[in-house]
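**Student:** For reference, the structure I am asking about is given below.
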Amino acid sequence: MKLSVIIVNYNVEYFLEQCILSVLEASKGLDVDIYMVDNASVDGSVKMVKEKFPSVIVVDNKENLGFSKANNQAMRMSQAEYVLLLNPDTVIEEDTLEKCIT
């Protein structure tokens, strides 16, 4: 894997969906994987990601570990050369990921 995109989520299902949609669009034709680390959300975020985005690797924490620890969880799992950390309320441009790895 060339690039791992890591998104830490806590109860922002709507924004998370928009973020993942933008990452998927920007990752077309690229060697990218997406990790979503959830910090014990109760808004249905995990269910939504699992149902709508089966290619996203979900880490479903049962307690809120905080932003840094959640990012570190996914970074330890990643085998990518590069890692991009995104907040779930981020929508990226179509060429963002290509610019990150070239």
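End of the sequence shown = 103 in the working numbering, gap-free, step of one.
Beta carbons are placed, not taken as given, at the ideal position from N, Cα and C, and that holds for glycine.
1) Would you mind working out which of L17, N12 and A41 sits nearest V6, comparing C-alpha positions?
2) Quick one: using the 10 Å Cβ neighbour count with 16 as the cut-off for buried, is P55 buried or exposed?
3) State the start and end residues of the unbroken beta strand (DSSP E) segment that holds N40.
4) Take Q74 as the anchor and find which of L98, Y36, D44 and A41 has the nearest alpha-carbon.
5) Rounded to a whole number of angstroms, what is the C-alpha to C-alpha distance between N40 and I21?
6) Among all the DSSP beta bridges, which residues are the ones paired with V9?
**Tutor:** Once the coordinates are examined:
1) L17
2) exposed
3) V33 to N40
4) Nearest C-alpha to Q74: Y36.
5) A direct Cα-Cα distance of roughly 17 angstroms separates N40 from I21.
6) Per DSSP, V38.
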